[in-house]
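Notes to accompany the following structure.
There are 2 protein chains.
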Amino acid sequence: MERPIAVIDSGVGGLTVLHELMRQLPKEKFVYLGDTYRCPYGSKTKEQVREFVWDIVNYLLKRNIKCLIIACNTATAYTIKELQSELTIPVIGVIKPGGRAAVNVTRNKKIGVIGTEGTIQSRAYSKVLHHIDPTLNIYSLACPPFVPLIEKGIIQEQEAKQIITETLIPLKDTDIDTLILGCTHYPIIKDLIQKVLGPDVKIVSSGEETARETSSILDSFGLTTVNSDMLSLNHEFYTTGELEKFKEITRLIFNENLNNLNEVKFNNAVFS
Amino acid sequence: MERPIAVIDSGVGGLTVLHELMRQLPKEKFVYLGDTYRCPYGSKTKEQVREFVWDIVNYLLKRNIKCLIIACNTATAYTIKELQSELTIPVIGVIKPGGRAAVNVTRNKKIGVIGTEGTIQSRAYSKVLHHIDPTLNIYSLACPPFVPLIEKGIIQEQEAKQIITETLIPLKDTDIDTLILGCTHYPIIKDLIQKVLGPDVKIVSSGEETARETSSILDSFGLTTVNSDMLSLNHEFYTTGELEKFKEITRLIFNENLNNLNEVKFNNAVFS
């Protein structure tokens with residue numbers, strides 16, 4: 001039996017990353033765990049996020065995973081270094097792949113980054129981008145209303161559109177040619193964001209980029225699945241939140257009804 | 273002094289990869305060696321290409337390089353496994369990054385690959401692509417006239433346009449939505465290729481993709497340059513061919529006159 005790849009997130013945003021991973025790595029088996037019950041992570045302290053992530057990681061390590069993908073920018077910003085040094089399997093975050101893709105895409109070296117308060121305050125993207133090229137101009141903007149909108153599933157409403165437009169106003173006057181969606185929830189509202197910023201801004205979604213780097217990293221660690229019955233992979237999906245809502249949003253993202261959706265509870269998941 | 277990254281090619285095609293590398297990794301110092309004297313590699317035997325590549329690699333190893341990029345598809349197809357097992361530094365080829373990018377880009381799973389006879393006959397791209405996803409449809413086409421056209425620098429001529437159009441005829445009837453330029457010379461004639469195939473075919477250039485993977489691999493090996501005086505990197509360029517022609521084509525690719533262009537001869541470089 002092939003060992004699965006784990007994909008974790010604070011909620012449902014990481015499903016956009018998983019969707020890309022399943023498309024680009026069709027031979028691999030995935031286990032997804034979204035911590036919707038304690039979502040959003042963006043407004044929690046670093047110590048809280050660390051605790052949540054370790055709950056999830058300890059749960060998944062028992063399933064003999066071969067690779068861990070932190071499909072959440074806040075969790076990546078706060079925990080990736082610790083996880084990479086503590087675990088023996090490769091641990092892949094979304095921030096560096098997103099950053100590298102933006103460096104690839106930009107022509108005028110002006111890059112916008114939007115994310116949760118936690119991600120933006122951590123300056124994780126600025127650090128990665130300036131580490132690659134100190135001459136880049138970075139415009140960062142925290143967008144705290146976005147994740148709740150998406151988790152509530154009200155993105156089709158007029159109210160949602162207005163909130164997105166208003167939140168992005170500070171970026172309208174910049175001359176950015178590239179915008180990093182520094183939160184894995186945001187691809188779900190990518191079209192609305194594109195509309196607000198206009199067609200000249202190229203939007204980089206960390207999900208696609210992370211999927212590509214995962215392929216390369218599995219390869220260099222000799223962990224790629226060679227033979228696989230692609231029709232019976234039986235991917236597993238877990239949420240700490242409400243199962244019905246989870247079903248609904250997976251249907252929205254995958255455009256089909258998925259099997260094997262489950263609830264999971266952690267003992268200490270009594271955060272509110 | 274930071275250790276340089278070596279970029280090698282059968283001639284000048286790898287300069288397109290180098291150009292991207294310099295843009296995406298502006299803190300790194302590069303040493304380029306193009307074996308124009310023995311170019312093209314595409315029509316040589318595997319044993320000949322192996323010998324040529326080892327000449328170059330042995331020459332560059334003396335310069336304390338920290339990473340080797342084989343910016344030539346034919347050389348990658350024939351030598352990457354051997355180099356990866358013999359050398360202690362990371363060795364990066366252009367085939368896997370190009371393949372992964374195509375899997376990312378395609379929507380209808382029909383991918384075209386063009387390259388030299390050597391690359392196409394080696395089936396290197398088909399193997400990489402089917403290894404990732406066995407359900408992909410691959411259309412491969414050897415384009416032997418392209419490299420000589422480019423190395424001669426006659427790509428602006430009407431004759432060149434006609435040769436390109438005629439060579440690509442077999443791909444016109446396929447339904448590919450993605451084309452891999454499986455030769456690092458081809459980005460120089462990318463616009464002409466795009467014109468022949470029409471705007472609906474997305475062209476993947478292995479150069480850009482290889483630059484991105486290099487960034488990720490340097491990072492995971494802890495080899496990224498942290499501090500660097502970006503203005504005095506003093507990249508070095510070597511050709512085994514004519515220096516004047518080399519100057520001309522670097523000017524075409526980099527849009528500026530580069531310093532530090534040199535000729536180098538290998539003792540056994542008496543191939544004709």
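For the record, the sequence lines run as chains A and B.
Read the first sequence against the working numbering and you will find it ends at 272, with the numbers running on by one and no gaps.
Read the second sequence against the working numbering and you will find it ends at 544, with the numbers running on by one and no gaps.
Glycine included, every Cβ here is placed at the ideal spot set by N, Cα and C.
Owing to the predicted nature of the structure, the values given are computational and were not obtained by experimental measurement.
**Coarse secondary structure for Thr106 (chain A), derived from DSSP in three states** = coil
**Message:** Taking only three categories from DSSP, how would you classify Leu261 (chain A)?
**Reply:** strand
**Asked** Should the region 151-160 of chain A be regarded as contacting the region 117-132 of chain A, the criterion being three or more beta carbon pairs within less than 8 angstroms?
**Response** no
**Message:** Against chain B, does Leu83 (chain A) count as a neighbour if the rule is that its beta carbon must be under 9 angstroms from one of theirs?
**Reply:** no
**Asked** Since Ile217 (chain A) contacts Ile92 (chain A) with CB under 8 angstroms, what's their CB separation in whole angstroms?
**Response** 6 angstroms
**Asked** From what residue to what residue does the alpha helix (DSSP H) around Asn345 (chain B) run?
**Response** 345-358
**Prompt:** To the nearest angstrom, how far is it from the Cα of Gln158 (chain A) to the Cα of Lys190 (chain A)?
**Reply:** 16 angstroms
**Prompt:** Are any of the Cβ atoms in chain A nearer than 9 angstroms to that of Phe502 (chain B)?
**Reply:** Residue identity check: residue 502 (chain B) is Met in the sequence provided, not Phe. Judged by the 9 angstroms Cβ criterion, Met502 (chain B) is in contact with chain A.
**Message:** So the candidates are B:Thr348, B:Leu503, B:Leu443, B:His402; which of them puts its Cα closest to the Cα of Pro26 (chain A)?
**Reply:** B:His402
**Local conformation of Leu284 (chain B) per DSSP, three classes** = Reading off the sequence shown, one finds Val at residue 284 (chain B), where the question assumed Leu. Val284 (chain B): coil per DSSP, three-state reduction.
**Request:** Out of B:Glu354, B:Glu438, B:Val375, B:Ile386, state which residue places its alpha-carbon closest to the alpha-carbon of Thr407 (chain B).
**Result:** B:Val375
**Prompt:** Cβ atoms of Ser206 (chain A) and Leu181 (chain A): under 9 angstroms apart, would you say?
**Reply:** yes
**Message:** Please identify the residue among B:Phe526, B:Thr512, B:Val536, B:Glu528 whose C-alpha is closest to the C-alpha of Arg310 (chain B).
**Reply:** B:Thr512
**Asked** Looking only at C-alpha atoms, which of B:Ile383, B:Thr360, B:Ile404 sits nearest to Lys368 (chain B)?
**Response** B:Ile404
**Cβ-based contacts, 8 angstroms cut-off: residues of the region 482-500 of chain B near chain A** = Ala483, Arg484, Glu485, Ser487, Ser488, Ile489, Asp491, Ser492, Thr496, Val498
**Asked** Whose C-beta lies closer than 6 angstroms to the C-beta of His185 (chain A) among residues of the same chain, with five residues either side of it excluded?
**Response** Gly13, Val147, Ile150
**Prompt:** If you draw a straight line from the C-alpha of Ile440 (chain B) to the C-alpha of Lys474 (chain B), how long is it?
**Reply:** Note that residue 440 (chain B) is Leu in the sequence shown here, rather than Ile. Between Leu440 (chain B) and Lys474 (chain B), the C-alpha separation is close to 15 angstroms.
**Message:** Please report the distance separating the alpha-carbon of Val542 (chain B) from that of Gly370 (chain B).
**Reply:** Any answer about Val542 (chain B) is weak, because its pLDDT of 47 lies below 50 and its placement is not dependable; what the coordinates show is given next. Whole-angstrom Cα-Cα distance: 32 angstroms.
**Item:** DSSP-derived helix/strand/coil call for Ser126 (chain A)
**Value:** helix
**Asked** According to DSSP, is Ser228 (chain A) helix, strand or coil?
**Response** coil
**Prompt:** Are the C-beta of Arg3 (chain A) and some C-beta of chain B separated by less than 9 angstroms?
**Reply:** no
**Prompt:** What first and last residue would you give for the beta strand (DSSP E) that runs through Ile341 (chain B)?
**Reply:** 339-342
**Prompt:** Is DSSP giving Gly470 (chain B) helix, strand or coil here?
**Reply:** coil
**Request:** Please classify Tyr59 (chain A): does DSSP put it in a helix, a strand, or coil?
**Result:** helix
**chain B contact residues for Val103 (chain A), given Cβ-Cβ distances below 7 angstroms** = Gln296
**Asked** To which residues does DSSP link Ile138 (chain A) through a beta bridge?
**Response** A:Ile111
**Request:** Assign Thr254 (chain A) to one of three DSSP states: helix, strand, or coil.
**Result:** Per the sequence shown, residue 254 (chain A) should be read as Phe rather than Thr. In the structure shown, Phe254 (chain A) sits in a helix (DSSP, three-state: H, G or I).
**Message:** So Ile132 (chain A) contacts chain B; which residues on that side make the cut at Cβ distance below 9 angstroms?
**Reply:** Gln296, Leu297, Pro298, Lys299, Ser487, Thr496
**Request:** Determine, using beta-carbon pairs with one atom in the region 311-331 of chain B and one in the region 255-266 of chain A, whether at least three such pairs fall under 8 angstroms.
**Result:** no
**Per DSSP, the bridge partner or partners of Ser216 (chain A)** = The partner list for Ser216 (chain A) (beta bridge, DSSP) is empty, contrary to what the question assumes.
**Near-chain A residues of the region 381-396 of chain B - C-beta to any C-beta below 7 angstroms** = none
**Asked** Within the 9 angstroms Cβ cut-off, does Glu508 (chain B) reach chain A?
**Response** no
**chain B contacts from the region 171-205 of chain A (Cβ-Cβ distance under 8 angstroms)** = none
**Asked** If we call anything under 9 angstroms between Cβ atoms a contact, is Ile111 (chain A) one with Ile176 (chain A)?
**Response** yes
**Asked** At a CB-CB cut-off below 8 angstroms, which residues of chain B make contact with Lys96 (chain A)?
**Response** Ser488, Asp491
**Request:** Please list the segments of the alpha helix (DSSP H) lying wholly inside the region 1-50 of chain A, counting only runs of 4 or more residues, in order along the chain.
**Result:** 14-24
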